[in-house]
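Protein chains in written order, with our numbering: chain Y, 1 to 301; chain E, 1001 to 1162.
Idealized CB from N, CA, C, for every residue including glycine.
Given the structure is predicted, the values throughout are model-derived calculations rather than measurements.
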């Protein structure tokens, strides 16, 4: 039988010391970026946990893939072929439009649009904290991923890389309450800042005055003004516009285009001068030729 | 104090690892609030059954690992777990000598404090919960406490953790 209170005070003081240390870490972490490199280093430690946690889902995927009937596969195959045909038809026009776009840009003496390169990544985890909208993808520093790199899915912009560890990286989604990105209305080029709200289906446009021409259904694309996201990727569609005379600004709510809680296969974009990094670092990089023309078509339509 | 001979302490480490793994399992966003705070529950349990032998530093390190896992401010869970550990150290005798059903209330209050600290740190970066929804994990954990308690007691007895 051990005596009860022999170790009490020392344990309590240890609790207080470590609690204080934790508080110190929190403050340093929240208000400075001193700890970021350390975090990135340490994140490699916990990455295996995500891989293990993801293993069951992956196994189920594989099993269901291998258990599919020939009939199912044939149906899917024909559906995909039909889809491909539609996209190819669009692409035929893209080639001419792209060429035309380049010529017009040359006429205007403006900079040529750089072709972005992409790296296909897979989502292996989401942050368990409901207040943090972060996801973990299975590509890291060893694949050439860099801090601030944009992440897309098939439908639109998802977020940006905020932490790179060796084999995985952490991506902050555009709906996180601490995230904001510069956008413009595709219809008329009105610029705005789209801010995350902490709700996966909502972005808010800040500081848009009541007289600004913005309507429900407008497509918002990234404007590239923040120097972080490349120009012209779809971000969200405007869902509601409320003009309250009592408020100095209109309340504009938009819904992200990307399927933030559904997409498993995502694209990391190597844009601008970073495009070179992808080539030697990445085996899966494919040139995205349809990227820029797609926007010009969206602009005219 | 008669030193207790350490026996099968690795079970504790494994339990923390398993808890972190359970935290990492993906849940769709609205259901995220229904996930019990596995790590904090373990801290309460191990502090209750072996208060003198539980290492505070281990708890702190596990908290930091959880922060890295969740991608939140480093120290957030470490600090919340220190609060849990402190209350746990104050109340383990009461916890040991009461029924599981009453323990549920204590667990709710302690985890409520845990969630309060978490939410406070979130509020520093402007992402605090919009309502009292952040207490939901504490509630779920308290509801499931009898199950966890039973399982963990079995585990501890089976491996004779000391």
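task = Helix, strand or coil for residue 1037 of chain E, going by three-state DSSP, please let me know.
result = When DSSP states are grouped into helix, strand and coil, residue 1037 of chain E belongs to the coil group.
request  = List the DSSP bridge partners of residue 1085 of chain E.
outcome  = Looking at the DSSP output, residue 1085 of chain E bridges to nothing.
message = Is residue 280 of chain Y close to chain E? Criterion is C-beta to C-beta, closer than 9 Å.
response = In this predicted model, residue 280 of chain Y has a pLDDT of only 42, less than 50, meaning its place in the structure is not dependable; the value taken from the coordinates is given anyway. Taking Cβ atoms only, chain E never reaches closer than 9 Å to residue 280 of chain Y, which makes this a no.
key: Option nearest residue 170 of chain Y by Cα separation, candidates Y/50, Y/270 and Y/195   = Across the set Y/50, Y/270 and Y/195, the C-alpha of Y/50 shows the shortest separation from the C-alpha of residue 170 of chain Y.
ask   = Hey, residue 310 of chain Y and residue 1024 of chain E: beta-carbon distance below 9 Å or not?
value = The question about residue 310 of chain Y has no answer here: the residues shown for chain Y are numbered 1 through 301.
message = With a threshold of 9 Å between beta-carbons, can residue 1035 of chain E be considered close to chain Y, or not?
response = Against chain Y, the CB of residue 1035 of chain E has a partner CB under 9 Å away; the residue lies at that interface.
inquiry  = 9 Å is my cut-off, CB to CB: does residue 12 of chain Y come that close to chain E?
reply    = Taking CB atoms only, residue 12 of chain Y has a neighbour in chain E less than 9 Å away.
query = Any idea which residues DSSP pairs residue 168 of chain Y with across the strands?
reply = Residue 168 of chain Y is not bridged to any residue.
key: Cutoff 9 Å: residue 265 of chain Y Cβ touching any chain E Cβ   = False, the Cβ-Cβ gap to chain E never drops below 9 Å.
message = What does the alpha-carbon distance come out to for the pair residue 280 of chain Y and residue 160 of chain Y?
response = At residue 280 of chain Y the pLDDT is 42, less than 50, meaning the model places this residue with poor confidence and gives no usable figure here.
Neighbour-count burial assignment, residue 1064 of chain E, 16 or more Cβ in a 10 Å radius = By the neighbour-count rule (16 or more Cβ atoms within 10 Å), residue 1064 of chain E is buried.
ask   = Which partner residues does residue 122 of chain Y have in the DSSP bridge list?
value = DSSP, once it has assigned bridges, lists Y/265 as partnering residue 122 of chain Y.
request  = Spell out whether any CB of chain Y is found under 9 Å from the CB atom of residue 1052 of chain E.
outcome  = The beta-carbon of residue 1052 of chain E is placed less than 9 Å from the nearest beta-carbon of chain Y.
Neighbour flag for residue 1078 of chain E against chain Y, beta carbons, 9 Å = It does; some Cβ of chain Y falls within 9 Å.
task = Can you tell me which of Y/212, Y/262, Y/255 and Y/181 puts its alpha carbon nearest to the alpha carbon of residue 231 of chain Y?
result = That would be Y/181, whose Cα lies nearest to the Cα of residue 231 of chain Y.
task = Confirm, please, whether the CB-CB distance from residue 1062 of chain E to residue 1016 of chain E is below 9 Å.
result = Yes, the pair counts as a contact, with Cβ atoms nearer than the cut-off.
query = Cα-Cα, which of Y/264, Y/229 and Y/41 is closest to residue 179 of chain Y?
reply = By alpha-carbon distance to residue 179 of chain Y, the top candidate from Y/264, Y/229 and Y/41 is Y/229.
ask   = In chain order, what residues of the same chain have a beta carbon less than 8 Å from the beta carbon of residue 218 of chain Y, not counting five sequence neighbours either side?
value = Around residue 218 of chain Y: 185, 186, 187, 237 and 238.
query = Can you name the start and end residues of the beta strand (DSSP E) that residue 196 of chain Y belongs to?
reply = Residue 196 of chain Y -> beta strand (DSSP E) spans 191 to 196.
request  = Determine the direct distance from the alpha carbon of residue 96 of chain Y to that of residue 83 of chain Y, and round the result to whole angstroms.
outcome  = Each residue's Cα considered, the two are about 21 Å apart.
query = By a C-beta neighbour count over all protein chains shown, 10 Å radius and 16 as the cutoff for buried, is residue 143 of chain Y buried or exposed?
reply = The residue is buried, with at least 16 neighbouring Cβ atoms inside 10 Å.
key: Beta-carbon gap between residue 242 of chain Y and residue 118 of chain Y smaller than 9 Å   = Contact: no.
Neighbour list for residue 39 of chain Y in chain E, Cβ cutoff strictly below 8 Å = Those are 1068 and 1074, listed as they occur along chain E.
message = Do residue 1045 of chain E and residue 1139 of chain E count as a contact pair if the criterion is CB distance below 9 Å?
response = In this structure, residue 1045 of chain E does not lie closer than 9 Å to residue 1139 of chain E by Cβ.
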